[in-house]
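> Chains as they are written, first to last, in the working numbering: chain D, 1 to 122; chain C, 1 to 122. Here's a structure for you.
There are 2 protein chains.
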Amino acid sequence: MQDQLSRTFAALADPTRRAILARLRGGEATVTQIAEPFLGRMTLPGVTKHLKVLESAGLVTKGREAQWRPCTLNAEPLKDASAWMEEYRVHMEASLDRLGEYLKTVTAATTTTTTPHTGNDR
Amino acid sequence: MQDQLSRTFAALADPTRRAILARLRGGEATVTQIAEPFLGRMTLPGVTKHLKVLESAGLVTKGREAQWRPCTLNAEPLKDASAWMEEYRVHMEASLDRLGEYLKTVTAATTTTTTPHTGNDR
DNA sequence: GCTGTACTTTACCAATCAGCTAATAAACCG
DNA sequence: CGGTTTATTAGCTGATTGGTAAAGTACAGC
């Protein structure tokens with residue numbers, strides 16, 4: 001995975017990983033504590049792998065405390081992801097106005113606004 | 001890919017796909033128009049594949065206009081992604097206070113707050 | 001009906017991912 | 001030392017991803 005932003009989004013593209021982050025919102029936790037809700041559905045090495053993905057995305061920091069690896073949430077990479085999304089805020093609001101936009105298009109049907117291939121003739 | 005949110009994040013975890021979305025912020029575009037900046041780096045079927053990922057994530061809607069497939073941005077799935085991130089807003093702000101938090105911990109070193117394995121003794 | 005344009009589908013490849021079991025490492029404790 | 005707990009690494013599998021080239025589909029216009 002190339003850039004940081006891609007790594008961040010890729011790390012979030014898994015429900016287990018998001019659940020781990022949610023768990024860490026409640027504070028530090030060791031690997032077995034994190035794994036506990038998933039065991040039965042998944043083995044410990046599986047959780048370790050997920051943690052490694054989160055760690056290399058910079059979303060989780062793993063400490064060392066004797067034989068434990070206390071994991072902490074680091075939400076900083078989410079800032080960039082959030083900032084990226086912010087660019088689309090306007091479009092999120094607009095998405096339900098789709099019908100209204102459509103009606104406008106139909107009403108002003110004499111313009112070239114309906115032809116999608118306007119750059120075709122270059 | 002299981003749930004909608006995972007599909008959304010997975011779709012965003014690729015710079016080419018994000019660039020396509022950025023392009024569509026400027027309005028509708030056909031497949032070849034979208035592909036144009038990437039050709040040389042990537043072939044047309046490659047772009048088609050990326051579009052299919054975006055489409056099945058619900059981020060892009062492909063229309064039919066003769067032989068053209070005018071693609072439009074649909075930012076609605078970003079709402080859920082954005083809402084998910086919102087839960088971590090507080091942690092984003094806190095991430096630079098890490099040092100301060102550490103100092104607090106050291107100062108109040110007599111408490112059990114530093115032991116990460118508090119659930120170990122169950 | 002032929003030719004060109006726009007786009008998709010198919011078939012293949014290499015690489016990565018998500019999961020497992022089994023083995024290993026590292027630390028504590030009696 | 002020997003055993004237990006905690007966690008990682010190694011090696012394997014099957015599924016998915018990202019890319020390609022080449023063939024196929026659909027439409028427009030001469």
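Idealized CB from N, CA, C, for every residue including glycine.
1) Are at least three pairs of beta-carbons, each pair with one atom in the stretch 13-21 of chain D and one in the stretch 25-43 of chain C, less than 8 Å apart?
2) Roughly how many angstroms separate the alpha carbons of Thr112/D and Val47/C, rounded to a whole number?
3) Chain C beta carbons: is any one of them nearer than 8 Å to that of Pro15/D?
4) Which whole-angstrom value describes the C-beta separation of Thr43/C and Trp68/C, a residue pair presumed to lie in contact below a C-beta threshold of 8 Å?
5) Listed in chain order, which residues of the stretch 68-83 of chain D have Cβ atoms closer than 8 Å to some Cβ of chain C?
6) For Ala81/C, does the three-state DSSP call read helix, strand or coil?
7) Measuring CB to CB, does Leu59/C end up less than 8 Å from Pro77/C?
8) Quick check on Thr113/C: does DSSP put it in helix, strand or coil?
9) Here's the rule I'm using: 16 or more other beta-carbon atoms within 10 Å means buried, otherwise exposed. How should Ala75/C be labelled?
10) Quick check on the DSSP output: what are the complete alpha helix (DSSP H) runs of length 4 or more inside the stretch 30-61 of chain D, in order along the chain?
11) Return no unless some Cβ of chain C is closer than 8 Å to the Cβ of Ala10/D.
12) Have a look at Leu5/D and Thr8/C and give me their C-alpha separation to the nearest angstrom.
13) I'd like to confirm the pairing. Which residues does DSSP put opposite Thr72/D in its beta bridges?
14) Starting from Ala22/D, trace the alpha helix (DSSP H) both ways and give me its first and last residue.
15) Classify Asp3/D: buried if its beta carbon has 16 or more other beta carbons within 10 angstroms, exposed otherwise.
16) Taking the alpha helix (DSSP H) that Ala66/C belongs to, which residues open and close that run?
17) In whole angstroms, give me the CA-to-CA distance for Glu36/C and Pro15/C.
According to the structure shown:
1) no
2) Summary for Thr112/D: the model assigns pLDDT 45, below 50, so the residue's position carries little reliability; its value from the coordinates is reported in the next sentence. Their Cα atoms are separated by approximately 27 Å.
3) yes
4) That belief does not hold up - the Cβ atoms of Thr43/C and Trp68/C are roughly 19 Å apart, past 8 Å.
5) Trp68, Pro70, Leu73, Asn74, Ala75, Glu76, Leu78, Lys79, Ala81 and Ser82
6) helix
7) yes
8) Below a pLDDT of 50, predicted positions are generally treated as unreliable, and Thr113/C, at 45, falls in that range; no measurement from the model is reported.
9) buried
10) 31-35 and 44-56
11) yes
12) 14 Å
13) Thr61/D
14) Pro15 to Arg25
15) exposed
16) Here Ala66/C belongs to no alpha helix (DSSP H), and DSSP marks it neither H nor E.
17) 15 Å
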